[in-house]
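Asker: Counting from 1, position 302 in the sequence shown corresponds to residue 310 in the working numbering; the numbering is continuous, with no gaps.
Note that the Cβ used here is the ideal one computed from N, Cα and C, for glycine as well.
No experiment lies behind these values; they were computed from the predicted model shown.
Let me begin by handing over the structure; questions about it come next.
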Amino acid sequence: MKHFFKLTVFVLGLCVPCSALAQETDWKVLSHYEKAPVKKQLADRLTAYAQTDTQSQASDKVPSTPGQLKLAKQVAKELKKNGAANVKVDKYGIVTAEIPSNLTAPAPVLALVAHLDTAPGFPAQNVRPQLHANYKGGSLVLNAAKNIAIDTYNAPQLLRAKGHDIITSSGDTILGANGKAGLAILVTLAQYFYDHPQLPHGTIKLVFTPDSFFGSGVRRLDVPALGTAYAYTLDAGELGQLVTETFSAKKFTAVFEGNRTADLGHAINMPFADNILMASDFHTLLPRHKRPETTANKNGFIYVDNITTQENRTEITGVIRAFSDEEMEVLTQEVTRAFDTVKRMNPKGKNFSLTFANQDKNMKGIIAPLALRLAEQALREEEVAAQPTAARSATDGARLAEKGLPAIGLFTGYYHTPGVQEYADVDVMEASLRTVLRLTALWAAQPVNEK
9 MKHFFKLTVF VLGLCVPCSA LAQETDWKVL SHYEKAPVKK QLADRLTAYA
59 QTDTQSQASD KVPSTPGQLK LAKQVAKELK KNGAANVKVD KYGIVTAEIP
109 SNLTAPAPVL ALVAHLDTAP GFPAQNVRPQ LHANYKGGSL VLNAAKNIAI
159 DTYNAPQLLR AKGHDIITSS GDTILGANGK AGLAILVTLA QYFYDHPQLP
209 HGTIKLVFTP DSFFGSGVRR LDVPALGTAY AYTLDAGELG QLVTETFSAK
259 KFTAVFEGNR TADLGHAINM PFADNILMAS DFHTLLPRHK RPETTANKNG
309 FIYVDNITTQ ENRTEITGVI RAFSDEEMEV LTQEVTRAFD TVKRMNPKGK
359 NFSLTFANQD KNMKGIIAPL ALRLAEQALR EEEVAAQPTA ARSATDGARL
409 AEKGLPAIGL FTGYYHTPGV QEYADVDVME ASLRTVLRLT ALWAAQPVNE
459 K
């Protein structure tokens with residue numbers, strides 16, 4: 009009787025206009041949603057994507073590494089195969105595609121964003137993904153020969169993963185699930201809509217960017233061309249995470265010039281000024297209790313990321329991150345105070361300069377209330393507990409906010425990152441896919457002028 013009911017709803021649903029379906033029926037009933045084949049698609053895609061080295065690098069070139077462009081072209085080919093329209097790969101390796109609306113009435117256009125690259129700083133070549141089906145608990149061995157394993161002590165999230173399918177690397181490299189889990193979810197979403205044309209949805213724009221870890225990819229995205237005011241980035245990790253807040257960031261550059269070429273034996277009587285010492289003093293005067301390793305939660309920090317010297321000139325660059333404008337001002341004053349102190353201590357120095365440049369902006373105050381409300385509703389309807397999160401790192405959502413399109417971050421099921429012990433929980437990836445599908449159905453029922 010249960011199967012007969014589902015079949016009846018399915019058949020009747022095909023005769024009802026899509027705009028009505030969005031409001032009156034359940035996409036899971038319409039599609040006879042089964043987890044096993046979808047989990048396999050997700051696992052297969054992540055495993056395939058992980059084998060292309062797309063680790064990003066600090067560079068003026070975008071994409072910064074050739075593997076990102078290679079994967080972009082692979083993804084574009086998959087999207088075309090699965091019915092996506094207007095699939096393009098631009099000169100920066102940014103992939104854009106469209107799943108056209110199948111509604112009879114207008115609905116808001118929605119953008120879904122993921123990134124192609126993986127974290128720098130860890131081995132990323134020759135990734136060999138491993139699927140650990142039906143995790144039994146306890147240690148999860150990645151590499152027995154090298155005694156590399158994860159367990160509930162060093163990865164406590166595994167306590168909630170018993171019975172799940174887990175994907176890891178072989179312990180020699182990162183897996184790259186931070187980025188590629190979201191990529192696998194969105195390409196599977198495109199296939200799911202292609203295989204189930206009866207599912208109601210408005211126009212969905214898919215975007216895949218390179219160099220997310222340095223922010224240079226999404227900053228080259230033509231946001232107005234997307235034609236939407238609503239977006240979500242699939243780049244958060246743990247089940248239920250909603251990234252609704254991010255650091256604001258400000259870059260600073262301090263320049264110290266001296267005269268280190270004087271006769272050192274007679275420096276006391278010369279216009280000797282040590283620009284390297286000035287830079288060292290400046291770094292030391294920055295407050296230790298406001299460094300990244302001494303702060304947590306919503307406490308901001310100051311970090312020097314580069315010191316370069318060429319003869320008599322030394323330049324220091326760094327970043328300030330804070331969640332509030334008030335704290336940003338306090339930390340900016342700390343940097344200024346340290347700089348002014350060094351300047352007073354070195355009257356023989358010259359051409360001192362300190363400049364600031366705004367970078368990422370906290371997106372908390374500019375997220376569309378409707379976008380957050382529907383995300384929370386989608387989680388409730390999929391029985392996933394929402395975990396609103398303030399990200400302590402820059403996100404594509406924050407960078408999109410700079411460009412006028414704030415985007416909430418959604419969970420994708422990667423854990424224990426960054427590092428060679430990173431893993432992906434395929435069951436959480438599937439829950440993410442369900443949540444996004446539910447979310448698209450909710451958006452399909454919204455009038456275009458809703459805020």
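Terminal residues of the continuous beta strand (DSSP E) containing residue 256?
Answerer: In the DSSP assignment, residue 256 falls within the unbroken beta strand (DSSP E) covering 256-265.
Asker: What do you get for residue 235, buried or exposed, if any count of 16 or more other CB atoms within 10 angstroms of its CB means buried?
Answerer: exposed
Asker: Quick one, which of 418, 296 and 64 has its alpha-carbon nearest residue 252's?
Answerer: 418
Asker: Could you give the distance in angstroms between the alpha-carbon of residue 455 and the alpha-carbon of residue 374?
Answerer: Going from the Cα of residue 455 to the Cα of residue 374 covers about 20 Å.
Asker: Reducing DSSP to helix, strand and coil, say where residue 209 ends up.
Answerer: coil
Asker: Determine the closest residue to residue 192 out of 370, 204, 215 and 275, with distance taken between C-alpha atoms.
Answerer: With distances taken between Cα atoms, residue 192 lies closest to 215.
Asker: What does the alpha-carbon distance come out to for the pair residue 362 and residue 350?
Answerer: 12 Å
Asker: What does a CB cutoff of less than 7 Å around residue 287 pick up in its chain, not counting 5 residues either side in sequence?
Answerer: 264, 315, 322 and 324, listed in sequence order.
Asker: Can you tell me whether DSSP reads residue 377 as helix, strand or coil?
Answerer: helix
Asker: Quick one: Cα of residue 431 to Cα of residue 160, how far?
Answerer: Taking the straight line from one Cα to the other gives about 13 Å.
Asker: Rounded C-beta distance between residue 64 and residue 219? I'm assuming under 8 Å.
Answerer: 5 Å
Asker: Going by DSSP, which residues form a beta bridge with residue 395?
Answerer: 249
Asker: Given residue 446, which residues of its chain have a CB within under 6 Å of its CB, disregarding the five upstream and five downstream residues?
Answerer: 386, 389 and 390
Asker: Count the CB pairs spanning the segment 203-214 and the segment 95-111 that are closer than 8 Å, and state whether there are at least three.
Answerer: Enough Cβ pairs lie closer than 8 Å, so yes.
Asker: So the alpha helix (DSSP H) residue 106 belongs to, where does it begin and stop?
Answerer: Where residue 106 is concerned, there is no enclosing alpha helix (DSSP H), although the beta strand (DSSP E) it sits in stretches over 103-107.
Asker: Taking the straight line between their C-alpha atoms, what separation do you get for residue 57 and residue 364?
Answerer: 39 Å
Asker: Just to check my reading of the structure: residue 309 and residue 356 have Cβ atoms closer than 8 Å, yes? What is that Cβ distance to the nearest angstrom?
Answerer: 32 Å between Cβ atoms; not a contact.
Asker: Skipping 5 residues on each side, what residues in its chain have a beta carbon closer than 6 Å to that of residue 240?
Answerer: Contacts found: 120, 415, 416 and 418.
Asker: If you run the structure through DSSP and keep just helix, strand and coil, what is residue 75?
Answerer: helix
Asker: Mark residue 306 as exposed unless 16 or more other C-beta atoms lie within 10 angstroms of its C-beta, in which case mark it buried.
Answerer: Residue 306 comes out exposed.
Asker: Any idea if residue 203 is buried or exposed, counting beta-carbon neighbours within 10 angstroms, 16 or more meaning buried?
Answerer: By the 10 Å Cβ count, residue 203 comes out exposed.
Asker: Going by DSSP, which residues form a beta bridge with residue 329?
Answerer: Answer is 257 and 309.
Asker: Identify every run of the beta strand (DSSP E) within the segment 212-244, keeping only runs that are complete inside it and at least 3 residues long; order them along the chain.
Answerer: 212-217 and 239-244
Asker: In the DSSP assignment, the beta strand (DSSP E) including residue 149 goes from what residue to what residue?
Answerer: 148-151
Asker: Suppose the cutoff is 6 Å on Cβ atoms and the five residues either side in sequence are ignored; what does the same chain contact list for residue 190 look like?
Answerer: 122, 242, 243 and 420
Asker: If we count the other Cβ atoms within 10 Å of its Cβ and call it buried at 16 or more, is residue 276 buried or exposed?
Answerer: If you draw a 10 Å sphere on the C-beta of residue 276, you find fewer than 16 other C-beta atoms in it, and that means exposed.
Asker: Once the 5 residues before and after residue 299 are set aside, which same chain residues still bring their CB inside 8 Å of it?
Answerer: 309, 310 and 311
Asker: Could you spell out where the alpha helix (DSSP H) holding residue 276 opens and where it closes?
Answerer: No alpha helix (DSSP H) holds residue 276; DSSP gives it neither H nor E.
Asker: Name the one or two DSSP bridge partners that residue 118 has.
Answerer: 212
Asker: Use the C-beta contact count for residue 379: other C-beta atoms within 10 angstroms, 16 or more gives buried, fewer gives exposed.
Answerer: buried
Asker: Any idea what DSSP makes of residue 362, helix, strand or coil?
Answerer: strand
Asker: Check whether the segment 171-179 and the segment 434-441 touch, using three or more Cβ-Cβ pairs below 8 Å as the test.
Answerer: The segment 171-179 makes contact with the segment 434-441: 3 or more CB pairs, one atom from each, lie closer than 8 Å.
Asker: Where does the unbroken beta strand (DSSP E) through residue 97 begin, and where does it stop?
Answerer: 93-97
Asker: Considering Cα atoms alone, identify which of 208, 79 and 96 is closest to residue 453.
Answerer: Of the candidates 208, 79 and 96, the one whose C-alpha sits nearest the C-alpha of residue 453 is 208.
Asker: Once you ignore the five residues that flank residue 194 on each side, which residues in its own chain have a CB closer than 7 Å to its CB?
Answerer: 120, 122, 214 and 242
Asker: What is the DSSP secondary structure of residue 318, counted as helix, strand or coil?
Answerer: strand
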